[in-house]
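Visitor:
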Amino acid sequence: MKATNEARPPNIALEPSPMQLETLERFPCGCVVAIQRVRPSGVTAVSLEAKGPHCTYREHRVNRLIRLGEPVESFDALDVLPYEEAALPV
32 MKATNEARPP NIALEPSPMQ LETLERFPCG CVVAIQRVRP SGVTAVSLEA KGPHCTYREH
92 RVNRLIRLGE PVESFDALDV LPYEEAALPV
């Protein structure tokens, strides 16, 4: 029996992702953020990827962009969130 090319899916060239993952970091509250580089501009994007099981910050929502630009250090992204005193963990 001869195999035909019709049974195989066509060769599809995969386009590179516009985001390149640099690192995953964990905040003290348990939330996980992704630090990614946007191509081709090279701008850094920091987004919340997973909420910690005991996190009490209302502002920590999954898939939320926290910072766009170069962070000074990985936990520097915590400083840009507009926390209210009632939202801080006890």
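With positions in the sequence shown counted from 1, the corresponding number in the working numbering is that position plus 31.
Note that beta-carbon positions come from the ideal geometry of N, C-alpha and C, so glycine has one too.
(1) Since Arg-68 is in the beta strand (DSSP E), which residue starts that stretch and which ends it?
(2) Straight-line CA distance for Ile-97 to Glu-46?
(3) Name the one or two DSSP bridge partners that Thr-75 has.
(4) Measuring alpha carbon to alpha carbon, tell me which of Ser-72, Val-77, Arg-70 ends up nearest Arg-57.
(5) Reducing DSSP to helix, strand and coil, say where Arg-92 ends up.
(6) Leaving out five residues on either side along the sequence, give the residues of the same chain with a beta carbon under 8 Å from the beta carbon of Cys-60.
(7) Quick check on this structure: which residue in Gly-100, Gly-73, Ala-81 has the alpha carbon closest to the alpha carbon of Ala-65?
(8) So for Lys-55, helix, strand or coil by DSSP?
Guide: Straight from the coordinates:
(1) Here residue 68 refers to the residue found at position 37 of the sequence shown. Element bounds for Arg-68: 63-69.
(2) In the sequence shown, counting from the first residue as 1, residue 97 sits at position 66. In the sequence shown, counting from the first residue as 1, residue 46 sits at position 15. Cα to Cα, the separation comes out at about 26 Å.
(3) Your numbering for residue 75 matches position 44 in the sequence shown. Thr-75 pairs with Arg-68.
(4) Locating residue 57 in the sequence shown gives position 26, where the first residue counts as 1. For Arg-57, the nearest C-alpha among the options comes from Val-77.
(5) Taking the sequence shown and counting its residues from 1, the one referred to as residue 92 is at position 61. Three-state result, Arg-92: coil.
(6) The residue you call residue 60 lines up with position 29 of the sequence shown. Gly-83, His-85, Cys-86, Thr-87, Tyr-88, His-91, Pro-120.
(7) Here residue 65 refers to the residue found at position 34 when the sequence shown is read from its first residue. Cα-wise, what sits closest to Ala-65 is Ala-81.
(8) What you label residue 55 is simply residue 24 of the sequence shown in a count that begins at 1. One detail in the question is off: residue 55 reads as Leu in this sequence, not Lys. Leu-55: strand per DSSP, three-state reduction.
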